[in-house]
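Chains as they are written, first to last, in my numbering: chain R, 1 to 319; chain S, 1001 to 1311.
Listed below in structure tokens is the structure:
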């Protein structure tokens, strides 16, 4: 009898101690570490380290093929007095603000239109997204051809309609070039804004609109007091992304104008490429791209507050 | 940010248009009976068709230019520029047999597939660890990964160029395969975290009781259930790789190694006015693989796009 009573206790004693290997294999934190390792390795070596390195390079006089020496804020001082740099800042702000505002307006309008009941709806939605799928550079080339100074189809059509007599020099004229690149950017960005906002629209309950109709609300009032407030959080996120990617745009400009005519379409990203890689002044180029960081941080802050607001709103809805 | 109680969007509904809140067998049109047909024509169909035409016109123009004979391309007065009655395959032939185009296409494909697979593997592990292992600081790491999504390539390419040079990867596809994951991992981790959260905890608990290791749980239970998410992540990453320009432009030099977007901009654009046909053919051929992929996986695509914003 006593033996039987003893047995479980003996069995317990036989459990071996957890070795270091066991801990590495099953401990939650260690396991998490192993699982995170590949992603973290990539992000540290090719994202965090270059980010820091870029800021360091902007304080040196590095050139291609020659590691630079620390020269303090000389690059920034030089940029401060550089009118082309300021022009590129102006262009970037103009490009971002105009393109984002119009993208938002048309995207929201398109989302509202696509949210209606109509035949071939699914197909239309799929078609709308195509500009977003196609590589930017390739569609930019199509625009380059459409905006060609001699063979532009737009000039041709306007001439045949009798509106103009001379070809418009789309990409050779300062104002027109800016309009053209902004147009191409809007063309590419609208589908993204529209489809994501549409996804947000479909979570809005139709009963809210029915109730509002009974109360005698007009279409505008329904949009202003139902649709818009419920969409605000997703608008904040979508627009942050849109602003961020418009601000740092490179490929569209590079494929269409390469910053010309007379630097009228140079964005900060294209200018930094030109200075750093083509002219070989790595330090100066890095300074230009580091100068974008404050703007990006501002955009991220807006996104953060957008998310906060969303949390607050959802908490309220749960009551 | 990671613990948002997301009201998941019904993606089927996004695409098919039925509101998720309306019962499926309910064919009522909601309040749309209040609108007359002529009114709908002006407020809905007209603006919609204008927008769709503007959005699709460049593709029509690309396709038309690619098959037009040269003399028609440059003579807008004698021929109607909006149509052609005698299409030619000269430009496409030139593209495929007299240039490195197939080479470039292969490079792009190779880089995109390798970078995508690498990133998906890394993100599956990371997303699973953040959502389910919940090690100390997992929330913070999730937030940091989201932040790294917001770091654009335009501010990284200069330092990355020096890094690539130091490691001796300059002008090799490996440079792109190793750097593209920095764009892809944050995005796909974020997307997969959302998918993993929807898989019931109980399944894993059962497996743990049955003595499965974490690795077995991941490969036998979580991954099969997250296949839609994996497809979304895969397609979106692939598209992003295909679309990437600035790294490829900076890190590759020899003509043969280039990817399609870079090669077309750099190698095809040379003052010759007769290049338009093959230039547009190249742009079209470079877009087609993505459009075909998209046509098969529209739903996954939309879910990837909205998922990344929502989660």
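All C-beta atoms, glycine included, are put in the ideal place defined by N, C-alpha and C. Treat the numbers as computed from the prediction; the structure is a model and nothing was measured.
Note down, in chain order, every chain R residue with its Cβ under 9 Å from the Cβ of residue 1142 (chain S).
Taking the second chain and counting its residues from 1, one reaches residue 1142 (chain S) at position 142. Result: empty, since nearest Cβ-Cβ is about 11 Å, beyond 9 Å.
Excluding the 5 residues flanking residue 316 (chain R) on each side, which residues of the same chain have their C-beta closer than 8 Å to its C-beta?
Taking the first residue of the first chain as position 1, residue 316 (chain R) is located at position 316. Low confidence applies here, because residue 316 (chain R) scores a pLDDT of 45, under 50, leaving its location unreliable and the question unanswered by this model.
Any beta carbon from chain S within less than 8 Å of residue 251 (chain R)'s own beta carbon?
The residue given as residue 251 (chain R) occupies position 251 in the first chain. Interface residue, yes.
With DSSP as the reference, label residue 121 (chain R) as helix, strand or coil.
Working through the first chain from its first residue, we reach residue 121 (chain R) at position 121. Note: residue 121 (chain R) maps to helix in three-state DSSP.
Determine the chain S residues that contact residue 286 (chain R) at a beta-carbon separation under 8 Å, and present them in chain order.
The residue given as residue 286 (chain R) occupies position 286 in the first chain. Chain-order list of chain S residues neighbouring residue 286 (chain R): 1158 and 1159, by C-beta distance under 8 Å.
Might you give, ordered along the chain, the residues of its own chain that have their beta carbon closer than 6 Å to the beta carbon of residue 1118 (chain S), omitting 5 neighbours on each side?
One-based indexing of the second chain puts residue 1118 (chain S) at position 118. For residue 1118 (chain S), where only same-chain residues beyond five positions count, the Cβ hits under 6 Å are 1181.
What did DSSP end up calling residue 1220 (chain S) once you bin it into helix, strand or coil?
Numbered from 1 along the second chain, position 220 holds the residue referred to as residue 1220 (chain S). In this structure, residue 1220 (chain S) counts as helix in the three-state DSSP scheme.
Let me know the secondary structure DSSP gives residue 147 (chain R) once reduced to three states.
Walking along the first chain from the start, residue 147 (chain R) turns up at place 147. If DSSP states are grouped into helix, strand and coil, residue 147 (chain R) belongs with coil.
Touch check for the stretch 1205–1219 of chain S and the stretch 1141–1151 of chain S: three-plus C-beta pairs under 8 Å?
no
Based on Cα-Cα distance, which residue from R:143, R:272, R:245 and R:253 lies nearest to residue 1063 (chain S)?
As a first step, residue 1063 (chain S) is located in the second chain; it is residue number 63 there, counting from the start. The residue with the shortest Cα to Cα distance from residue 1063 (chain S) is R:143.
If you count every other CB in all the chains shown that lies within 10 Å of the CB of residue 242 (chain R), and 16 or more means buried, which is it?
Within the first chain, the letter at position 242 stands for residue 242 (chain R). When all chains shown are included, residue 242 (chain R) counts as buried.
What do you reckon, are the CB atoms on residue 1054 (chain S) and residue 128 (chain R) nearer than 8 Å?
Position 54 of the second chain holds residue 1054 (chain S). Position 128 of the first chain holds residue 128 (chain R). No, Cβ-Cβ distance for residue 1054 (chain S) and residue 128 (chain R) is not below 8 Å.
Please go through the same chain and pick out, in chain order, the residues whose beta-carbon is closer than 8 Å to the beta-carbon of residue 301 (chain R), but skip the five residues on each side of it.
The count along the first chain starts at 1 and reaches residue 301 (chain R) at position 301. Contacts found: none.
Quick one: complete alpha helix (DSSP H) runs, 4+ long, within the stretch 228–291 of chain R?
Correct list: 228–247, 251–256, 268–273 and 282–290.
Using a Cβ-Cβ distance under 8 Å, would residue 364 (chain R) count as near chain S?
What the structure shows of chain R is the stretch from 1 to 319, and residue 364 (chain R) is not part of that stretch, so it cannot be assessed.
For the alpha helix (DSSP H) holding residue 21 (chain R), just list the boundary residues, first then last.
What you label residue 21 (chain R) is simply residue 21 of the first chain in a count that begins at 1. 20–26 is the extent of the alpha helix (DSSP H) around residue 21 (chain R).
Give the DSSP-derived three-state secondary structure of residue 170 (chain R) in the structure shown.
As a first step, residue 170 (chain R) is located in the first chain; it is residue number 170 there, counting from the start. Residue state, collapsed to three classes: coil.
Going by the beta-carbon positions, is the gap between residue 1259 (chain S) and residue 1108 (chain S) smaller than 8 Å?
For the purposes of this step, residue 1259 (chain S) is taken as the residue at position 259 of the second chain. For the purposes of this step, residue 1108 (chain S) is taken as the residue at position 108 of the second chain. For residue 1259 (chain S) and residue 1108 (chain S), yes; Cβs fall inside 8 Å.
Find the nearest neighbour of residue 132 (chain R) within the set R:159, R:268 and R:196, judged by alpha-carbon distance.
The residue labelled residue 132 (chain R) in the question sits at position 132 within the first chain. The residue with the shortest Cα to Cα distance from residue 132 (chain R) is R:196.
State yes or no: is the beta carbon of residue 119 (chain R) nearer than 8 Å to at least one beta carbon in chain S?
Your numbering for residue 119 (chain R) matches position 119 in the first chain. No, its Cβ sits nowhere closer than 8 Å to a Cβ of chain S.
Would you mind telling me which residues of chain S sit closer than 9 Å to residue 298 (chain R), beta carbon to beta carbon, in chain order?
Taking the first chain and counting its residues from 1, the one referred to as residue 298 (chain R) is at position 298. The premise fails here: residue 298 (chain R) is roughly 12 Å from chain S at the closest Cβ pair, so nothing lies under 9 Å.
Count the other CB atoms within 10 Å of the CB of residue 1028 (chain S); is the residue buried (16 or more) or exposed (fewer)?
One-based indexing of the second chain puts residue 1028 (chain S) at position 28. Here the model assigns residue 1028 (chain S) a pLDDT of 46, short of 50, so the residue's position is not dependable, and the following value carries that caveat. Exposed.
Could you work out which residue in R:91, R:295 and R:33 is closest to residue 178 (chain R) when comparing CA atoms only?
Working through the first chain from its first residue, we reach residue 178 (chain R) at position 178. Considering only alpha carbons, the answer is R:91.
Grouping DSSP H, G and I as helix and E and B as strand, with all else coil, what is residue 1275 (chain S)?
For the purposes of this step, residue 1275 (chain S) is identified with residue 275 of the second chain, where counting begins at 1. Helix, per DSSP.
Using a Cβ cut-off of 7 Å, which residues of the stretch 1122–1134 of chain S contact any Cβ in chain R, in chain order?
1122, 1123, 1125, 1126, 1128, 1129 and 1133
Does the structure place the stretch 1276–1294 of chain S close enough to the stretch 1090–1110 of chain S that three or more beta carbon pairs sit under 8 Å?
yes
To which residues does DSSP link residue 66 (chain R) through a beta bridge?
What you label residue 66 (chain R) is simply residue 66 of the first chain in a count that begins at 1. BP columns for residue 66 (chain R) point to R:63.
Name the chain R residues whose beta carbon is nearer than 7 Å to that of residue 1294 (chain S)?
Taking the second chain and counting its residues from 1, the one referred to as residue 1294 (chain S) is at position 294. In chain order: 133.
Less than 8 Å separating the beta-carbons of residue 1196 (chain S) and residue 1235 (chain S)?
Start at 1 with the first residue of the second chain, and residue 1196 (chain S) comes out as number 196. Start at 1 with the first residue of the second chain, and residue 1235 (chain S) comes out as number 235. Contact: no.
For chain R, is any of its Cβ atoms less than 8 Å away from the one on residue 1279 (chain S)?
In the second chain, the residue the question calls residue 1279 (chain S) occupies position 279. Closer than 8 Å to some Cβ of chain R, the Cβ of residue 1279 (chain S) qualifies, so yes.
Who are the Cβ neighbours of residue 1138 (chain S) in its own chain at under 6 Å, not counting the five residues just before and after it?
On the second chain, position 138 is the one that residue 1138 (chain S) refers to. In its chain, beyond the 5 residues on either side, 1130 have a beta carbon closer than 6 Å to the beta carbon of residue 1138 (chain S).
Please report how far the alpha carbon of residue 1304 (chain S) lies from the alpha carbon of residue 1144 (chain S), in whole angstroms.
Counting from 1 along the second chain, the entry for residue 1304 (chain S) is found at position 304. Counting from 1 along the second chain, the entry for residue 1144 (chain S) is found at position 144. Taking the straight line joining both Cα atoms gives about 20 Å.
Please identify the residue among S:1265, S:1245 and S:1159 whose C-alpha is closest to the C-alpha of residue 51 (chain R).
Indexing the first chain from 1 puts residue 51 (chain R) at position 51. Of S:1265, S:1245 and S:1159, the residue nearest in Cα terms is S:1159.
Looking only at its chain, what residues have a beta carbon closer than 6 Å to the beta carbon of residue 110 (chain R), apart from the 5 residues adjacent to it on each side?
Taking the first residue of the first chain as position 1, residue 110 (chain R) is located at position 110. Once the five neighbours on either side are set aside, the close Cβ partners of residue 110 (chain R) are 194.
Kindly provide the ranges of any alpha helix (DSSP H) runs that are 4 or more residues long and lie completely inside the stretch 1164–1247 of chain S, ordered along the chain.
1173–1179, 1181–1197, 1201–1209 and 1227–1243
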